[in-house]
Every structure is written in structure tokens, then in C-alpha cells.
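2 protein chains.
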Amino acid sequence: MDQRQALGAFAALSQETRLQIVRLLVVAGPEGMAAGALAEKVEVSPSNISFHLKELEHSGLIAAQRQSRSIIYTAHYESLGGLVRFLMEDCCSGHPEICAPAAEVAACCTPKMEETLR
Amino acid sequence: MDQRQALGAFAALSQETRLQIVRLLVVAGPEGMAAGALAEKVEVSPSNISFHLKELEHSGLIAAQRQSRSIIYTAHYESLGGLVRFLMEDCCSGHPEICAPAAEVAACCTPKMEETLR
DNA sequence: TGAATGATTCAAGGATGATTGAAATATGGA
DNA sequence: TCCATATTTCAATCATCCTTGAATCATTCA
């Protein structure tokens, strides 16, 4: 993830509806969610969710694939991980004060680290 | 860092000039940089840098303090760390696929983790 | 006080982003 | 083929953000 992509990702996540969409898709996992289901959850019009989904897709944070009549959207884990990495490494130069809290979170969710730290 | 603050932080970082400012201030450390020095580095007008600095200050990512004639800006490490944490924990629900790359970065910059992982 | 320096504020503009509803596209089933 | 479903596209409007230059404020020093 380079600076250009990071700028686009930050812009994409700076809008409430879009942030909600990403959170829902991360929780939904690899199966993803259909545009209509997202629209219902987020409580916006089909037209509106389509606009924001296209915006997110263009930023690379989510991906789309047609499945019968529905279009299924999934979170693009690599990009999200890349954004976290960019923020810690490229933007913040790996400053311990900034990355320390991230290490705590990482320790709680990555199995390998649980072993070494607990 | 709650969602409202995160949205503001993402918006603040989605602009090239502002992202550059944050990067410069993180590298500058606790001593920070004066508005004029930042304007020179980033190559924008005093008026323009002032606009973006105010935007960043309002988002909580940087702080300002007058020192004689200059106004010194510093990166607010807590907020930046909070943003990384929000992205990993609140937004991405601690998904290993997303947090794993962050763990690598964290391992490289936090002294305690270097011992346990190398 | 008066001049110089460093920075902010203000107003005007142009550009970009968000929302809305109507129309269009694509798929699946009767 | 015809209809219903799922979603996107389009055009118009409104709001927000970015940029620019001139004017203003705060500080230091002669």
C-alpha cells in the first residue's frame, strides 16, 4: 500500500455510511453481504448504498462479485491490513508510542503471538 | 477513540498536504515544527498551511503551542495510536488477517516484543 | 512607539462529495 | 416472452472542502 492508495482509503473511511459498510463486511467474513442486505442494515436507499459501495470498491477496501441476481460484497483483508501497516510503518515511522497499543491488539487476535506473550 | 473521532481523523488524513504534515511531525518528535518551517517543507503558502494545521488540530491528531513568535506544532501520539487501535480493534474486529501485518510492524519497533519474538 | 517577522483570519471562487428519485441494466422464474 | 427482483446509472441539487490573496493579529526588537 503506497501513499496514493492510503489517501484513497482514508477518504473512503471518512464517511459514516462507508465505515459502517466496512465494519459489517469484516464481520460478515468471506461470505460477504449483498448490496440490498447492506442497504437494509445501514438504512439507506439502494441508490445511495450503491454509490458508497462503488466508492469503497474503487478504493480497494472491498470487492464485488455477482451471485445470481445479487451482488455480493466482501471486505478486502489485504487492503485493510495494508492500511494499518501504512499507518504504523510509513506514516508514523514505527514510533513505539503509536505502535504499542497496536501491539496489544495484535497480541489478542493472532494465535501465534498469544503463545509467546501469555 | 470513538467512531466520531475516527471519522474525523480519517477525513484529516485523506488530504495529501495534511498527511505530509503528520508524517513530518511524527519524525520531528516532541520538539515539533513551526508553521513556517512546515510550509517551506510542504511547499504551500502560509495561509494554506494554517488552514490544514487548524484542520488537523481540530481532529486531535496534532497540538499547537506558541513559542515566541512561532507556533510550534507537535504530533499527538496518543491520538495516532488510538486511530491504529480503532482500525484494528473496533473497525476490523481484531481479524487476524488484518492485524497480523500490524503485529510484524509492532514487533520491529517495540523493544519488549523484539525480545520475545527474535 | 514603530517596523519587521510569523502566523492566522476572512471572503470569494472553484472543485469535489453526498443525496435524491427516476430511468436503465441484468438475472431468474412463470 | 413477460414480469419481478436486485442493483446500478444518470442528472440535478445541495453541501462541504480546498485554494488564493489581502487584511489582521501577536510578538520581538531597535
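In the order they appear, the protein sequences are chains G and C.
Residue numbering for the first sequence follows UniProt numbering, beginning at 1 and increasing consecutively.
Residue numbering for the second sequence follows UniProt numbering, beginning at 1 and increasing consecutively.
Backbone N, C-alpha and C fix where the C-beta goes; we use that ideal spot for every residue, glycine too.
Remember, predicted model here, so these are calculated numbers, not experimental data.
May I ask which residues mark the beginning and end of the beta strand (DSSP E) holding residue i?
i               : result
GLN65 (chain C) : 62-67
SER70 (chain C) : 70-75
So, with DSSP's three-state summary, where would you put residue i?
i                : result
GLN3 (chain C)   : helix
ALA9 (chain G)   : helix
LEU117 (chain G) : Reliability fails at LEU117 (chain G), whose pLDDT of 45 lies under 50, so the model's placement of it is uncertain and no value is given.
GLY32 (chain G)  : coil
SER93 (chain G)  : coil
Using the beta-carbon count (16 or more within 10 Å), is residue i buried or exposed?
i                     : result
ILE69 (chain G)       : Inspection of the sequence shows that residue 69 (chain G) is occupied by Arg rather than by Ile. Answer is exposed; the Cβ neighbour count stays below 16.
residue 127 (chain G) : Nothing about residue 127 (chain G) can be reported from this structure: the residues present for chain G run from 1 to 118 only.
VAL26 (chain C)       : buried
HIS58 (chain G)       : exposed
PRO30 (chain G)       : exposed
ARG14 (chain C)       : A small correction: the amino acid at residue 14 (chain C) is Ser; Arg does not occupy that position in the sequence shown. Looking at its Cβ environment, which holds 16 or more other Cβ atoms inside 10 Å, SER14 (chain C) is buried.
Determine the chain G residues that contact residue i at a beta-carbon separation under 9 angstroms, and present them in chain order.
i                     : result
ARG69 (chain C)       : Result: empty, since nearest Cβ-Cβ is about 29 angstroms, beyond 9 angstroms.
residue 196 (chain C) : In this structure chain C extends from 1 to 118, so residue 196 (chain C) is not present and cannot be described.
LEU19 (chain C)       : GLN3, ALA6, LEU7, PHE10 and CYS91
VAL26 (chain C)       : CYS91, CYS92, SER93, HIS95 and ILE98
Identify the contact partners of residue i in chain C, using a Cβ-Cβ distance below 7 angstroms as the criterion.
i               : result
SER14 (chain G) : LEU7, PHE10, ALA11 and SER14
Can you tell me where the alpha helix (DSSP H) with residue i in it begins and where it stops?
i                     : result
residue 205 (chain C) : In the structure displayed, chain C extends from 1 to 118; residue 205 (chain C) sits before or after that span and is not available.
GLN20 (chain C)       : 16-28
LEU87 (chain C)       : Taken as a continuous stretch (DSSP letters only), LEU87 (chain C) belongs to no alpha helix (DSSP H), as it is neither H nor E.
GLY36 (chain G)       : 35-42
GLU97 (chain C)       : 96-109
Give the residues of chain C in contact with residue i, contact being defined as C-beta atoms less than 9 angstroms apart.
i               : result
VAL22 (chain G) : CYS91 and CYS92
Starting from the beta carbon of residue i, find every residue of chain C whose beta carbon is closer than 8 angstroms, and list them in chain order.
i               : result
TYR77 (chain G) : HIS95, GLU97 and ILE98
ALA39 (chain G) : Those do not exist, as ALA39 (chain G) stays about 20 angstroms from chain C at its closest Cβ, beyond 8 angstroms.
Counting only Cβ pairs nearer than 7 angstroms, list the residues of chain G close to residue i.
i                : result
GLU105 (chain C) : According to the sequence as given, residue 105 (chain C) is Val; it is not Glu. Those are ARG85, MET88, GLU89, GLY94 and CYS99, listed as they occur along chain G.
Please list, in chain order, the chain G residues whose beta carbon lies closer than 8 angstroms to that of residue i.
i               : result
ALA35 (chain C) : Result: empty, since nearest Cβ-Cβ is about 20 angstroms, beyond 8 angstroms.
Subject >> Cβ-based contacts, 9 angstroms cut-off: residues of the region 80-97 of chain C near chain G >> reply: LEU80, GLY81, GLY82, LEU83, VAL84, ARG85, LEU87, MET88, GLU89, ASP90, CYS91, CYS92, SER93, GLY94, HIS95, PRO96 and GLU97
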